[in-house]
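Structure record follows, encoded as C-alpha cells.
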Amino acid sequence: MTDEHKMLQNSAERYLRENYDFAARQHSIDRGNAIDAEHWRAFSDMGWTAMTIPEAADGFGFGLADIAPVIELFGYYLVREPLLESALLAGELIAAASEAHQTRYLPGIIDGSVIATVAQQDATPLTRQGKASGQRLQGDLQFVPSGGIASHVLAPLRHDNQPHWVMLDLSLEGISRERYQSHDGRQGAHITIDLPFDDRCVLVSGIQAEVATQALYQRAMLIGAAEGVGIMQGALDLTVEYTRQREQFGQALASFQALQHRMADMLIQTELARSLVLAACHAWDNQADNASTLALAAKAKVDAAARTVTQEAIQMHGGIATTNEYKVGHYFKRMALLESWPQHRDALIAQLIQNRQASITP
Amino acid sequence: MTDEHKMLQNSAERYLRENYDFAARQHSIDRGNAIDAEHWRAFSDMGWTAMTIPEAADGFGFGLADIAPVIELFGYYLVREPLLESALLAGELIAAASEAHQTRYLPGIIDGSVIATVAQQDATPLTRQGKASGQRLQGDLQFVPSGGIASHVLAPLRHDNQPHWVMLDLSLEGISRERYQSHDGRQGAHITIDLPFDDRCVLVSGIQAEVATQALYQRAMLIGAAEGVGIMQGALDLTVEYTRQREQFGQALASFQALQHRMADMLIQTELARSLVLAACHAWDNQADNASTLALAAKAKVDAAARTVTQEAIQMHGGIATTNEYKVGHYFKRMALLESWPQHRDALIAQLIQNRQASITP
Amino acid sequence: MIDYEQFRQTVKDFLKTALTPELQRAGELTTSVFSEFNAALAWQKKLHTKGWIAPDWPTEFGGPGWDIQQRYIFQEECKLANAPSVVMMGIQMLGPMLMHYGTEEQKQHYLPRMLSGEHIWCQGYSEPGAGSDLASLKTSAVRDGDDYVVNGTKIWTSMAHHANQIFCLVRTDKSVKPQAGISFLLIELNTPGISITPIVGLDGQVEQCQVFFDAVRVPCKNLVGAENDGWSVAKFLLEFERGGHNFTIDIKKQLRKIFRQAELTPWGKTTRSVDPVFQHRLAEAEIDAMALEQAELRIKGAVEAGGNPGALSSLVKVVGTELGQRLNELSMDLVGPAASPQCPELLSPEYGGDLLVPEHAVTTMAEYINNRAATIYGGTAEIQRTIIAKKVLGL
Amino acid sequence: MIDYEQFRQTVKDFLKTALTPELQRAGELTTSVFSEFNAALAWQKKLHTKGWIAPDWPTEFGGPGWDIQQRYIFQEECKLANAPSVVMMGIQMLGPMLMHYGTEEQKQHYLPRMLSGEHIWCQGYSEPGAGSDLASLKTSAVRDGDDYVVNGTKIWTSMAHHANQIFCLVRTDKSVKPQAGISFLLIELNTPGISITPIVGLDGQVEQCQVFFDAVRVPCKNLVGAENDGWSVAKFLLEFERGGHNFTIDIKKQLRKIFRQAELTPWGKTTRSVDPVFQHRLAEAEIDAMALEQAELRIKGAVEAGGNPGALSSLVKVVGTELGQRLNELSMDLVGPAASPQCPELLSPEYGGDLLVPEHAVTTMAEYINNRAATIYGGTAEIQRTIIAKKVLGL
C-alpha cells in the first residue's frame, strides 16, 4: 500500500468518524431522505468517486486491493449512499466502453451528478421489440439496489441472441419506478422500461458484454465482501465496547468466559475473511488465474461469517440490540441484504466447485 | 414401560456397573480375546439374548421401545460382545423365517451358542454359480462387524433376479475369514465364501426378502441409535465428573463458564437424541406410518450429535483423553465406527428427503 | 376416553366459520409473537364467546376443561389455520399466578376481565440495566397509607401501548438481599404519573415500550402474595413462561412455509425444492424439529404425571428458539433480494395494493429480524444454558 | 532477487533422488505429527548432509540462509512429496531458544548435535495436574554443589522413548509467585534416576511418554538463562511453537487426499466426487483453507517486516487445527466401514502384505483419532481463544 492509498484511507476514516454520525443517519432516513446530499457532495469533493476510475478519465486508477480498507469503512460506518455501486461498479463497466460513453458518463460519476446503479444478476434482460424503424426498449428490473435514488441504471439487454449492456437515464419518459424503503436504510425500486430504442444507450455488446457481465458481478462480489468485512469489524467493536461497560450479576459482561470465547471467534472470523478478501482483490487487480475462484470464495466466506458475527453481536447485546435506535442491529440488517447480492452463497459455492472440477486435470 | 421392562433395565444396569469394568475390558482386549466368555454367558443367563425373540420361540417378545434403555446401557458401558447384532438384529430376521429355521437357530441365539452377525448394507450379494446339480455359493463379505467372533453370518444372496437372505455357519468348509482387530475393541472379518449350495441356508426369498432387508437395516439404525445415546450419556457423565474434580489455574474446570455452556449443549443434544430414538422405537414397534422416517431421522440425529458430543468430551478432558487407558476416547472410537453402520448419515438424509417428497401430495 | 380426532374436527369446524379471511390474513402477516392488535382483540372476543380463550385454565375459572392433548390440538389447528395470536400476558402468565397467589377478591375482579379482553395486560419485569438479572431491579414502591407510591421505569414491556394494565416487580425493601426485598404489584396503566414511550424495533414497528412511573399511587390491595415475597411469585411465572410454549407447532408451520417457498424459488433449471444442497440443510433442521417435538412430548408427559418441567423447560426453550432462527435463515436463503423492502403497509391486514414482492416472501425478512429476540427474552439462551449446567449437570 | 521457481525446482530435484520409496512410504503412512522414527532419523541425516535440516536457522549456526518464501516452498515440496517428518523438538524449538538464551558453550555443544541427529530432544513441560496451566508445575530442582538434584515427573513428552535428551521446566524456588521460581534445564536422558513409561495412545501406538526423575543430578552448567527465569524462556518457546507451523501446507495435502478419496468412494450410481451435498461441505472447508492460507501469509509478512506474530499465532493455531479436524471428518465420511481395522502393521513402512482396506483408507481412522490432540497440545483451543480475548480484544 502506497502513501497515496494510506492517505485516502486516513482521510476517509476521519471524515466518516467525525461526520457520519449514526443518529444523524437514522434521522435522515426517518425524514425520508434517500441519501444525505451533504455526504454525497463531500464524497465527491474528497475524490472518493474517482478512486477506481482510470487516470485517463481523470480518476485515480486505484486497484480494489489499494482501497479495500476504504470499502471496509463504508461497511463499518453503515454508509448508505450508493457510492460503491455507482463509482466502483457501474463506473468500471462504463470505463470498459467506448471513449464516447466514458466522456458522456464518467465526469458525472466523478462529480456526483450521475448516480448509477446496476440490475440484479438474475434480472431478466430487457428486449427490443417492434419494427427496425420504431423499435422499443422494454422490460422490468426488479429490486434494483438504490434504484430509488439513482439517476441511471445499468441493465442487460438481450437482442439478436446477443448480450448487451445499456445505460439508461431514469428521468427519460417511458421509465417509471416503484420506489420502496429498504431494510438497510436505502431506497430501492422496481423499474419499468418502455421507451423508443436509442442505440446510444448501448455500452457494450457481444463478447465484450459477456466479459463485462462476468467482470461486473465478480467485482460486485469483491466490493460486497469488503463492505461485509467492515460490517463484521463494526459489529465486533460495538460488542466488545458494550460488554465491557455493561454489568450483569455484578460483573462486566466481558468478564464472562463463554462470551469471551465467542467474541474471540468473531475476531477470528473477521480476520480470516479480511485476509481472503484482500487476497481476492489483489488477484482481481492482477488478473490472476485464480481471481474468479478467490472472488467467489471471498464473498461466500463473508456471507457465512458475517451472518454469524452480526447475529452473535445482537445476542451478546441483548434487548437493546433489537431496537431501531441502536446501531448494532443495522449491521445485521445490511448484511442480511448484502448476502444475496449479487447472488446467494449457495450459487457461489456451486460455481466454485465447477471451477475446481474444471481445473483438476485427470 | 411395564415393571417387567423396568426390572430388566435395573438388572442390566446393576450387572454392567458391577461387572463390566472398563480396565478389565481393556485387559481382555490386550490379551487378544475377541469377547469375554464370562460376560457372554452371563448375558444369556440373565435372558438378555431373549429380550426381543418372540414368546412363541421362548423369548420375551419385548419391543425395541421397551428395551431402548437397556440398549443405551450397552453404549454406556462400551459392551463389545455382539449381543445386539446377534439377538436383536439377526434374531429378528430369523424369527421372520420359517418355523424350521426358527427352531434351528433361535435356541442357540438364546443360549449363546450361536453368535450371529449381519453383512454390511452395501455388501455385494452372494451368488449361486454352476449347474443346477452342483451349484456353488460364492462371494466376499467385507468388514463384517464382529465377523471375527461370530459363529454365523446373515448375508444377502442374489439369484434368478430375486433377493434372498442366507444364514451361514462360519465353521463350514469353504468359508474362510481374515480377522482383524477393530478400533472399537471388537474383532471384525472379511469373509470369503465358496462352498456347495445347500438350500437349507435360505431363510427368506423374494418379496419376503425385500421386506426383511428393509426391516433389518432400519432395525440396525434404531439399535445403533440407541447405543449411540448411551455413548453420549457416558461421554457426558465422564466429562462432568472429570471437570468437577480437575483444577486449572486454581479453579475446577467445571467452574469455567465456557465449558459449562458446552456441557449444557452436550446434555441438550443427548436428550434430544434420546427423545427421538425412543419415539422411533415406539413407531417401529407399532408399525406406524412414519416408522421409516423416524428410524432414519433418529440414526442421522445420533450420528451427528454423538460425533460432536464425543469430540467435545475429549477436548474438555485434554491430554488424558488421548490415551488408550482412559475411557472417554473409546466412546469416540466406537461412535466413529457406529456412524457408518448400517449406512452413512448422508445416505440416511437422502432417503429421508425422498420419503418426505413422496409423502407430500401436490 | 376422549376422541381426539373428533375433537380436532370440532376445532376445525369452529375455525372454518369463526376465522374470517381478515383474521386469517392477520395471522399470515404475523412476523413476531404478536399479531396486529385489533385483529388479536377481535379474535380474543370470538374465542371468549366460544369459551375457548383460556385452554390452560381450570373450568372453575372459565377454562374449557381440556386435557394436554386437546390443548395441543387446539393450538396446532389455530396455528395451521393462521389464526392471529391473542395477547397472552394476562391469560397465560398472570392468570395462573393469580389463581395460585391472588386473594379471592383479586381473582374475582381480574380473571373474568382478562378473559373478556376488557383488561389487556403487560409485564413489567425488566429495567434498563437489569435485563436477565432481575434481582438488581430498582423501581421502588414505598408504603404511604393504603397506597404504595411507585417510582422508576420498566423496559421491554411488550404491548404496553395497547394495554391498560401492568403487573410489576417492584422493590419494597432496600435493606435486605436483592431477591428478598421485591414485591409483585398490579397497576392500572391510566393511573396518574405513568407515561409510556414506544420503542421502535429493528423492523421499524412498535411492540415494546418503556414505562415510566413518577410517584404513581397504587392501592395496597393490588399487592399479590406477601410483601417482599415477589421473587417467588416471579419465579413461578418465569417457569410458566419457559414451559408454556409448544415450539413444535410454530416450527411445523415454519417448515411448511419453507417447503412452499422452496417450490417457488427458481434454481438453475429447476427450483430449490429439488436442490440437494438446500434440501439436505432443510432435512437436518427437520430432524431437529422431530427431536424437539418428541422432547416436548416427554415434558408434557412429565407434567401430566404431576411433575414440574423444571430445567427441561430450559432445554426446550434453547432448542425451540434456536431452531426457529435456523428456519428463518433457510427462508432468507430462498427469498433473496425480495427481502429488501421494508414497507409496513404490506404487513397490514387491511392493505389491498400491489405486494412489491412475491406473496410468500412478504413476512420473511421481518420474521428473520424479529425472531432474533426469541433467544433474548424470557431468559436469554445463555441464562438457559447456565440453568442447565447448574441445575441438571450440577456444575 | 531470488528466483523462487528455480528454487522450487532445485528442491524437487533433490527430493526426487534423496527421497527413497521407503521414506516416501513412511511419509504416506504418517498419521500424526510424527513419522515412524527410523525413517524420520534416516531422513534427518540426508537433510543434514545436504545442509537443509534447519531451514529457519541463521547460516552462522548451520541454516541454509533461505528467506521465508523459500522455507515455505521447501516445506511444501517435502510435504507434497510425502517426505517423513523429522523429530523437530530440538531444531524447531530448543535451537532458536539456545541461540537467544544459551551460553557460548551450550551453543557449541548442542546445536551441531541437534542438526546431525546425534541428539534427539524431547520437551518436558507438562506435568500430571499441570497441562495448559504450566505455572503450577511441581518438578523440583535443588542446588547441591555444582549440580541440581531433580525430582518429579513430566508427562506428554512426545518421543521420549526415542530421545536421548530432554529440556525441562523445573521449580527452583517455591517461596515466590508460581511463575517466578521456574528454571530451564537441559538433561541427558541416560542420567541415573530417570525412567520412562510409554503412554499408549488412542490409536494403539506410542508417541507420548511419562518421564520420572528420582534424585537426578544435573550439572549446573545445563541451566539455560538465569536461575528462576525459566518462565520467560518458556514463553519465548511457546510463541515459537504456535507461530512456527504452516498449517496450510498440511491442509492442502489433506484436501488433495480427500479429492482422491471422493473419486474412489461409490455413491449411488456415481461417486462422492460428484455428490453435490458432499462437495458443498468440502467446498466450505476449501474456502476456509484459502482464508487460512491468506491469514498465514499476512502473518509471515508481518514477521518478515520484523514484527512478532503475537496473538495472531493463536488465531492461526485455532483455525489451522480445527480445520484439519474438519477435514479428518470429511475423510471419515468417505471411508465408511474401512475405518474399522486397527492393525498397526498396516501402518508400518516395511509391511508388504494385504492391505485389508483400500489403500486410500489405510491412515484415515488413525489420523482422525490422533488429530484430536491438535487442539489440545501447544496450548488448547480454549487457551488460544482466551489469549485472543485478552490480548487482542482487551476483554
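Residue numbers (my numbering), protein chains in the order written: chain A, 1392 to 1753; chain B, 1392 to 1753; chain C, -9 to 385; chain D, -9 to 385. Just so you know, even glycine gets a beta-carbon here, dropped at the ideal spot from N, CA and C.
C-alpha gap between residue i and residue j, whole angstroms
i	j	result
arginine 232 of chain D	glutamine 374 of chain D	Here arginine 232 of chain D scores only 48 on pLDDT, less than 50, and its place in the model should not be relied on; the value that follows carries that caveat. Cα to Cα, arginine 232 of chain D sits roughly 10 Å from glutamine 374 of chain D.
leucine 1743 of chain B	serine 106 of chain C	46 Å
serine 1666 of chain B	glycine 1521 of chain B	51 Å
leucine 31 of chain D	threonine 311 of chain D	26 Å
histidine 38 of chain D	valine 1668 of chain B	59 Å
threonine 354 of chain D	glutamine 332 of chain D	11 Å
threonine 1570 of chain B	isoleucine 1582 of chain B	One point to set straight first is that residue 1570 of chain B is arginine, not threonine, in the sequence displayed. Distance between the alpha carbons of arginine 1570 of chain B and isoleucine 1582 of chain B is about 8 Å.
proline 1753 of chain B	glutamine 1745 of chain B	Caution is warranted here: a pLDDT of 47 is assigned to proline 1753 of chain B, below 50, making its placement in the model unreliable, and the coordinate value is therefore given only provisionally. Those two C-alpha atoms are separated by around 15 Å.
lysine 247 of chain D	threonine 255 of chain D	12 Å
glycine 119 of chain C	valine 264 of chain D	54 Å
phenylalanine 64 of chain C	arginine -2 of chain C	7 Å
glutamate 1618 of chain B	alanine 379 of chain D	39 Å
lysine 1690 of chain B	glycine 1621 of chain B	13 Å
phenylalanine 51 of chain D	glutamine 244 of chain D	34 Å
valine 1595 of chain B	aspartate 1656 of chain A	56 Å
alanine 381 of chain C	methionine 87 of chain C	A quick correction: the sequence has lysine, not alanine, at residue 381 of chain C. Rounded to whole angstroms, lysine 381 of chain C to methionine 87 of chain C spans 23 Å at the Cα level.
glycine 258 of chain C	alanine 1738 of chain A	9 Å
serine 330 of chain C	valine 293 of chain D	44 Å
aspartate 1590 of chain B	isoleucine 1485 of chain B	15 Å
Helix, strand or coil at residue i according to DSSP, with G and I counted as helix
i	result
histidine 1550 of chain B	strand
lysine 144 of chain C	strand
tryptophan 47 of chain C	coil
alanine 205 of chain C	strand
serine 1596 of chain B	strand
isoleucine 157 of chain C	The sequence as given places phenylalanine at residue 157 of chain C; isoleucine does not occur at that position. Strand.
arginine 362 of chain D	helix
Residue i and residue j closer than 8 Å at C-beta
i	j	result
asparagine 212 of chain D	tyrosine 62 of chain D	no
leucine 1532 of chain A	alanine 1546 of chain A	yes
phenylalanine 1534 of chain A	glycine 1576 of chain A	no
glutamate 67 of chain C	lysine 2 of chain C	yes
threonine 1443 of chain A	alanine 1415 of chain A	no
isoleucine 1500 of chain B	alanine 1507 of chain B	yes
proline 327 of chain C	serine 1731 of chain A	yes
threonine 162 of chain D	glycine 171 of chain D	yes
glutamate 253 of chain D	threonine 261 of chain D	yes
Outcome for residue i when other beta-carbon atoms lying within 10 angstroms are tallied against a minimum of 16
i	result
threonine 1713 of chain A	buried
alanine 364 of chain C	buried
valine 1602 of chain A	exposed
threonine 376 of chain D	buried
asparagine 318 of chain C	buried
Proximity to residue i [Cα-Cα], best of the options
i	options	result
arginine 1635 of chain B	B:Asp1628, B:Ala1645, B:Ala1691, B:Ala1626	B:Ala1645
tryptophan 1556 of chain A	A:Ala1606, A:Asn1410, A:Ser1537, A:Ala1727	A:Ala1606
glutamine 405 of chain D	D:Pro11, D:Val382, D:Glu26, D:Ala371	The first residue shown for chain D is -9 and the last is 385, placing residue 405 of chain D beyond what the model contains.
tryptophan 221 of chain D	D:Tyr115, D:Phe202, D:Ala356	D:Tyr115
serine 126 of chain D	D:Lys35, D:Gln82, D:Gly142	D:Gly142
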